[in-house]
Amino acid sequence: MPRMNWAIPELRVTQANDHPLRSDGNYVVYWMTASRRAHWNFALQHAVDRAIHFDKPLLVFEPLRIRYPWASERLHRFVVEGMRDNAADFAATTATYFPYVEPRAGEGTPLLHELAKQACTVITDEFPCFFLPSLIRAVQDRIPARLELVDSNGVLPLRLADRTFTVAHSYRRWMQKQMESWLGQTPLANPLDNVQLPRLSSLPKKITHRWQPANFDQLLTKNEISLLPLRHLVPSVNLKGGAVTAQKMLRHFLAKNLINYNEDRNQPDCDGSTGLSAHLHFGHISAHQIVAEILAHEHWNPSMLGKPNGKNHDFWNTSPSAEALLDQLLTWREMGFNMSFRNPDSYDKYESLPDWAQATLAAHAADKRPFLYSLEQFERAETHDEIWNAAQRQLTTDGRMHNYLRMLWGKMILHWSESPQQALATMIELNNKYALDGRDPNSYSGIFWTLGRFDRAWGPRRPVFGSVRYMTSDSTRRKLKLKQYLSKWGNTPPRSSGQANLF
936 MPRMNWAIPE LRVTQANDHP LRSDGNYVVY WMTASRRAHW NFALQHAVDR
986 AIHFDKPLLV FEPLRIRYPW ASERLHRFVV EGMRDNAADF AATTATYFPY
1036 VEPRAGEGTP LLHELAKQAC TVITDEFPCF FLPSLIRAVQ DRIPARLELV
1086 DSNGVLPLRL ADRTFTVAHS YRRWMQKQME SWLGQTPLAN PLDNVQLPRL
1136 SSLPKKITHR WQPANFDQLL TKNEISLLPL RHLVPSVNLK GGAVTAQKML
1186 RHFLAKNLIN YNEDRNQPDC DGSTGLSAHL HFGHISAHQI VAEILAHEHW
1236 NPSMLGKPNG KNHDFWNTSP SAEALLDQLL TWREMGFNMS FRNPDSYDKY
1286 ESLPDWAQAT LAAHAADKRP FLYSLEQFER AETHDEIWNA AQRQLTTDGR
1336 MHNYLRMLWG KMILHWSESP QQALATMIEL NNKYALDGRD PNSYSGIFWT
1386 LGRFDRAWGP RRPVFGSVRY MTSDSTRRKL KLKQYLSKWG NTPPRSSGQA
1436 NLF
């Protein structure tokens, strides 16, 4: 039987070109680029609605190009593992799934155009970061079909806010005022359940012959990803990508770790975070689902919602740990998306820092640094600081870094670089190259926070930092449990560190 209609909020759907919808097309295309999942996905849900309306097959097209910034074996494998999970999910539906992994740069460029020729409409994900906005601009007027963008990024739509928020308190108060209206407007958990669409018998042979669907056995089991023209010096990691792993991690976290999240999340020895930031970045799990399952785990209901107070507690009236995690998801993560969406040309630029931060860093630009390190020394974890080296080594090896230590990592790069601009360039390069959750609005928030974004001026003024918040490894060592972490990732300080410029 057909699915009952579940309307998608209008704020989440944007028409990207002037092409008309075509009722005589052969199928509806969902061009999956950011929300790479078959569940809790507004874009997929909208595509299903279009297919039902036209009574046409649904073609889910998930490509992976070779030529993107920081393309590497690490990032590619994580995405392809997710594609394999998607293939299994869509195999149980009436949709047709077409995964495509480009073998050489540029070879897949005409494929979307060819698929669009026969499409009633093309629907894709809206993601306000990395190369995806420029990709949309490049194709929106060239493809021979309507192009519709769907925002499935966060619990609040990107277009809901009418300003850019600069501090967490003001964003949090605004967010809390919106929650009563928007919390229940979630995507369907399984938008293809009980949906009987016409099946696409096959794609034209001229398409599948030239652009062969991805063979996951060859790419993953036989490791043919290692033969693709990628950065193989950034190898894959143990953490697997995909919806299957993400769901297991969420269930484990709720059952075992949520209860102590508020105490353990900042302790490197405890590793008490969800671990889901990479899966959130690649769209293998939805923020809507995580929030819904946290609230269900807490036996929460809307009557428990407090008055907007701008604070990170006493609003949801859940356990302190659940409230802390909800604040990470709904304040800090979505404030980063607000910044990226409303400042598409500057969110990753030094000039986007608050005026006070730029002024104080400029006033201290000539201060002597205690050490100076090159990008290569930072990358190889060749500093004098055991804790910093451990954090960098975790990043290069595991593709992630402990959340608290990521803050220290950025602060020390500022302290040991010739200029704050050079420090920013180093942070962006290392984070985007190695971190599975890099190249993301939330990731840029973390980097820029170390330079003053979303923060305030602090006293007393210090060399190099000025009024930017100051952190040290010594204070970190006193506050955190680090014995096991350093046992795994630490090292003896190398003999040749940076150029000593001690005060």
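In this note's numbering, the protein residues as written are 936 to 1438.
Built from N, CA and C at the ideal position, the CB exists for glycine as well.
Note that the structure is predicted; figures quoted are calculated from it, not measured.
Please list, in chain order, all residues of the same chain as residue i whose beta carbon is under 6 angstroms from its beta carbon, the five residues on each side excluded.
i: V1057; result: V964, W966, A1051, A1080, L1082
i: Q1224; result: W975
i: T1209; result: F1188
i: N1273; result: A1096, F1100
i: G1387; result: L1288, P1289, A1292, V1403
i: R1094; result: L946
i: H954; result: A1080, R1081
i: N1201; result: Y1339
What residue does the beta strand (DSSP E) around residue i start on, and which one ends it?
i: E997; result: 993 to 999
i: V1074; result: No beta strand (DSSP E) contains V1074, which is instead part of the alpha helix (DSSP H) from 1067 to 1074.
i: I1458; result: Any property of residue 1458 remains undetermined from this structure, which presents the chain solely from 936 to 1438.
i: Q1147; result: Run containing Q1147: none; DSSP gives neither H nor E here.
i: T1407; result: Where T1407 is concerned, there is no enclosing beta strand (DSSP E), given that its DSSP letter is neither H nor E.
i: Y962; result: 962 to 966
i: Q1131; result: Careful: Q1131 lies outside any beta strand (DSSP E) and carries neither H nor E.
i: D1085; result: The amino acid occupying residue 1085 in the given sequence is Val; Asp does not appear at that position. That run of the beta strand (DSSP E) goes 1082 to 1085.
i: T949; result: 948 to 950
i: Y1285; result: Neither: Y1285 is in no beta strand (DSSP E) and is coded neither H nor E.
Return yes when the C-beta of residue i is under 8 angstroms from any heavy atom of the ligand FMN, and no when it is not.
i: M1239; result: Because no ligand of any kind appears in the structure shown, any question about the ligand FMN cannot be addressed here.
Please report the distance separating the alpha-carbon of residue i from that of residue j.
i: I1142; j: P1148; result: 10 angstroms
i: F1276; j: A1292; result: 22 angstroms
i: W1235; j: L1118; result: 12 angstroms
i: W1344; j: Y1405; result: 12 angstroms
i: A951; j: Q1131; result: 29 angstroms
i: Y1308; j: S1352; result: 6 angstroms
i: A1370; j: F996; result: 26 angstroms
i: G1017; j: L1193; result: 25 angstroms
i: S1212; j: C1205; result: 17 angstroms
i: C1064; j: P1279; result: 7 angstroms
i: N1436; j: M1347; result: The predicted position of N1436 is uncertain, since its pLDDT is 30 and thus under 50; no value can be drawn from it.
i: R947; j: Q1111; result: 19 angstroms
i: P937; j: N1129; result: A caution first: P937 carries a pLDDT of 47, below 50, which makes its placement in the model too unreliable to give a value.
i: K1423; j: A1259; result: 28 angstroms
i: S1171; j: R1396; result: 42 angstroms
i: L1067; j: I1220; result: 19 angstroms
i: R1019; j: L1359; result: 36 angstroms
i: N1021; j: L1330; result: 27 angstroms
i: L1047; j: V1179; result: 27 angstroms
i: N1088; j: F977; result: 9 angstroms
i: R1304; j: H1350; result: 6 angstroms
i: I943; j: A1054; result: 21 angstroms
Do residue i and residue j have their C-beta atoms closer together than 9 angstroms?
i: D1249; j: V1399; result: no
i: E1159; j: A1222; result: no
i: I1322; j: L1340; result: yes
i: L999; j: H981; result: no
i: P1203; j: Q1419; result: yes
i: L1165; j: S1007; result: yes
i: N1324; j: N1195; result: no
i: G1334; j: L1174; result: yes
i: A1181; j: H1214; result: yes
i: P1133; j: D990; result: yes
i: S1378; j: F1389; result: no
i: E1198; j: S1137; result: no
i: L1091; j: T1059; result: no
i: H1104; j: K1284; result: no
Spatial neighbours of residue i within its chain, please: CB distance less than 7 angstroms, with the 5 preceding and 5 following residues excluded, ordered by chain position.
i: L1135; result: Y962, P992, L994, T1031
i: D1375; result: C1064, H1216
i: R1098; result: none
i: I1078; result: L1047, H1048, A1051, V1057
Which residues mark the beginning and the end of the alpha helix (DSSP H) in which residue i is found?
i: F1013; result: 1008 to 1026
i: L1260; result: 1255 to 1262
i: P1355; result: 1355 to 1369
i: T1180; result: 1178 to 1187
i: P1164; result: Taken as a continuous stretch (DSSP letters only), P1164 belongs to no alpha helix (DSSP H), as it is neither H nor E.
Should residue i go down as buried or exposed, given a rule of 16 or more other Cβ atoms within 10 Å for buried?
i: R971; result: buried
i: Q1434; result: In this prediction, Q1434 scores a pLDDT of 38, lower than 50, which makes its location untrustworthy; no coordinate-derived value is stated.
i: S958; result: exposed
i: L1168; result: exposed
i: L1264; result: buried
i: N1244; result: exposed
i: A1124; result: exposed
i: D1024; result: buried
Report all residues from its chain with a CB closer than 8 angstroms to the CB of residue i; omit the five preceding and five following residues, and keep chain order.
i: T1253; result: I1229, L1230, E1233, W1235, M1239, L1261
i: S1354; result: A1300
i: L1070; result: T968
i: V1015; result: L999, V1036, A1149, F1151, L1154, L1155, I1160, G1176
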